[in-house]
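Structure record follows, encoded as structure tokens.
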Amino acid sequence: MDEAAQFGAYLGGLCLYGVSTMIWFAVLSRLPLSIAYPLQSLAYVLALIPAYFLFHETINFTKIVGVAVIVFGAYLIVK
Numbered sequence: 007m008d009e010a011a012q013f014g015a016y017l018g019g020l021c022l023y024g025v026s027t028m029i030w031f032a033v034l035s036r037l038p039l040s041i042a043y044p045l046q047s048l049a050y051v052l053a054l055i056p057a058y059f060l061f062h063e064t065i066n067f068t069k070i071v072g073v074a075v076i077v078f079g080a081y082l083i084v085k
């Protein structure tokens with residue numbers, strides 16, 4: 007990767023990080039931290055989908071159980 011493309015990738019990553027920080031602050035203004043922070047674990051569940059389709063990662067029984075535990079935990083927090 008040449009330097010210009012690498013700089014663009016860094017700049018894009020920095021901008022996306024800034025946007026995610028603003029979204030996080032907006033979420034925290036509407037939800038208590040004790041609810042919002044544990045719900046971030048759903049990112050692991052959502053990351054499994056593109057990992058399977060884009061990177062052809064295998065989804066084994068252990069990952070399925072982990073996803074079930076995370077989703078159940080998020081359900082208990084929201085309930």
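Residues 7 to 85 (the working numbering) are what the sequence shown spells out, left to right.
Backbone N, C-alpha and C fix where the C-beta goes; we use that ideal spot for every residue, glycine too.
Rounding to the nearest angstrom, what Cα-Cα distance links residue i and residue j in this structure?
i, j, result
"A15", "A80", "33 Å"
"L55", "F67", "Just to set this straight, residue 55 is Ile in the shown sequence, not Leu. Rounded to whole angstroms, I55 to F67 spans 15 Å at the Cα level."
"A11", "C21", "15 Å"
"M7", "F13", "10 Å"
"S26", "A32", "10 Å"
"F78", "E9", "45 Å"
"Y58", "Y43", "25 Å"
"I41", "V84", "7 Å"
"W30", "P38", "12 Å"
"I65", "G19", "28 Å"
Among the options, which residue has its Cα nearest to the Cα of residue i?
i, options, result
"L82", "L45, G18, Y23, L34", "L45"
Tell me whether the region 70–84 and the region 41–53 touch, counting them as touching only if at least three CB pairs, one residue from each stretch, are closer than 8 Å. yes
Next on the checklist: For a minimum of 4 consecutive residues, which ranges assigned as the alpha helix (DSSP H) are wholly contained in the region 8–42?
Outcome noted: 9–36
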